[in-house]
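Right, one structure below, let's go through it.
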Amino acid sequence: MELKSACRMVLFPVQMLFYIVRASLSALFPSRRKDLSKEVVLITGGGRGIGRHLAKEFAKQGARKVILWGRTEKCLKETAEEISLSGTECHYFLCDVANREEVYKQAKVVREKVGDVSILVNNAAVVHGKSLMDSDDDALLKSQHINTMGQFWTTKAFLPRMLELQHGHVVCINSILSQSPIPGAIDYCTSKASSLAFMESLTLGLLDCPGVSCTTVLPFHTNTEMFQGMRVRFPQLFPPLKPEIVAQRTVDAVRADKAFLYLPWTMHALVILKSFMPQIALEEIHKFSGSYTCMNTFKGRT
Numbered sequence: 001m002e003l004k005s006a007c008r009m010v011l012f013p014v015q016m017l018f019y020i021v022r023a024s025l026s027a028l029f030p031s032r033r034k035d036l037s038k039e040v041v042l043i044t045g046g047g048r049g050i051g052r053h054l055a056k057e058f059a060k061q062g063a064r065k066v067i068l069w070g071r072t073e074k075c076l077k078e079t080a081e082e083i084s085l086s087g088t089e090c091h092y093f094l095c096d097v098a099n100r101e102e103v104y105k106q107a108k109v110v111r112e113k114v115g116d117v118s119i120l121v122n123n124a125a126v127v128h129g130k131s132l133m134d135s136d137d138d139a140l141l142k143s144q145h146i147n148t149m150g151q152f153w154t155t156k157a158f159l160p161r162m163l164e165l166q167h168g169h170v171v172c173i174n175s176i177l178s179q180s181p182i183p184g185a186i187d188y189c190t191s192k193a194s195s196l197a198f199m200e201s202l203t204l205g206l207l208d209c210p211g212v213s214c215t216t217v218l219p220f221h222t223n224t225e226m227f228q229g230m231r232v233r234f235p236q237l238f239p240p241l242k243p244e245i246v247a248q249r250t251v252d253a254v255r256a257d258k259a260f261l262y263l264p265w266t267m268h269a270l271v272i273l274k275s276f277m278p279q280i281a282l283e284e285i286h287k288f289s290g291s292y293t294c295m296n297t298f299k300g301r302t
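Residue numbers (full-length UniProt numbering): 1 to 302.
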């Protein structure tokens, strides 16, 4: 073995310990936040739910322009008007992220009418709340196209310019269900797991690209109309997150260049437990928390 390689092997554990300590200190002593005053933010699914709160939060924290994409013009228009009244320039465009050609076409329109997007927030998602055998085939395809493939098209549309300018940020609003799936939402869990793999790969691929970062947000059940009717057995122990809190923490993570954000922080324990506990123990945890039946009363967006 070469001396250089041997030295690297010896130093590797020391490096890992250093990074762990540095990350812990960063959590205790937050670093300087990124200024958003020159940023142009595009949010998919920006008309309602978490997307709407994200748009308001980016505007509140000083983003120069906010762009909303979605499929429902009424919601987009209402959100855009609210943000414009607050003093931030806001535009909206009808766009179905599942449609590749439509994404590329609208991305070109955005560049021509508004300018280069410097922060892309992939937030658009759907959930049908069915078991595999009860799911409609078209509904299964729809969730994969919107929740997963939509990220491919939007990122391919806007990332090249970020790399060219050496300035940009790609954000994904994922879900803790990507790492701890539940029955009754097999389409959503599968699509979010794929989405997480996409973001992990993208984050690593951009390590040598100066000025371009990624943030993946993995929240617990959030109290939005998309998950209307979903119930957990112990809401006092596992209260649903408020969408405005998810938005605030997401924007803060972007400003801090944080790669992964778990909400609440206790979700870290869930991921750690899953990495070493036997399957039968995990099944008991699901039974205890009521996740086996939490989608039984699911209504979804009305």
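We treat Cβ as the ideally placed atom computed from N, Cα and C, and that holds for glycine.
Between which residues of its own chain and residue i is the CB-CB distance below 7 Å, once the five residues before and five after are set aside?
i    : result
P219 : S175, I176, L241, V246, L263
K299 : Q228, G229
Going by beta carbon distance, what residues of the same chain come within less than 6 Å of residue i, once the five residues before and after it are set aside?
i    : result
H53  : P243, E244, A247
D96  : R71, E102
S194 : T148
A63  : L36, E39, V41
T297 : G229, R231
L11  : none
L261 : V217, A253
M162 : G168, V212
Taking its Cβ as the centre, do 16 or more other Cβ atoms sit within 10 Å of residue i, making it buried, or is it exposed?
i    : result
M9   : exposed
I272 : exposed
E2   : exposed
S131 : exposed
S143 : buried
F276 : exposed
L204 : exposed
K56  : buried
A107 : buried
L141 : exposed
Q61  : buried
S86  : exposed
Return the residue from the list the options that minimises the CA-CA distance to residue i.
i    : options               : result
S69  : I146, P239, D35       : The question names Ser, yet the displayed sequence has Trp at residue 69. The option with the nearest alpha carbon to W69 is I146.
Y92  : Y104, A98, S86, K65   : K65
A98  : Q151, L85, A59, E82   : Q151
A259 : M267, F158, T250      : T250
K192 : T203, L202, Q179      : Q179
M295 : G115, D116, P183      : P183
P235 : H221, K60, M226       : H221
I83  : S291, G51, R111, E284 : G51
M226 : L196, S5, G47         : G47
Quick check: is any heavy atom of the ligand HEM less than 7 Å from the C-beta of residue i?
i    : result
L196 : Absent from the structure shown: the ligand HEM. Ligands present: none.
Using a Cβ-Cβ cut-off of 8 Å (strictly less than) and excluding sequence neighbours within five positions of residue i, which residues of its own chain qualify?
i    : result
H167 : S118, G211, V212
K113 : H91
C214 : H169, V170, V171, C172, M199, L202, T203, L206, A259
Touch check for the region 37 to 46 and the region 109 to 125: three-plus C-beta pairs under 8 Å? Flag = yes, the region 37 to 46 and the region 109 to 125 touch.
Completely contained beta strand (DSSP E) runs for the region 239 to 263, where each covers 3 or more residues: For the region 239 to 263, whole beta strand (DSSP E) runs of length 3 or above, ordered along the chain, are 260 to 263.
Would you call the region 121 to 135 and the region 181 to 201 in contact, with 3 or more CB pairs under 8 Å? yes
Pick out the complete beta strand (DSSP E) segments inside the region 124 to 181, 3 residues or longer, and give them in chain order. Secondary structure within the region 124 to 181: the beta strand (DSSP E) runs of 3 or more consecutive residues, fully enclosed, are 168 to 173 (chain order).
Taking only runs of the beta strand (DSSP E) that begin and end inside the region 31 to 83, which ones reach a length of at least 3 residues, in chain order? 40 to 44, 65 to 70
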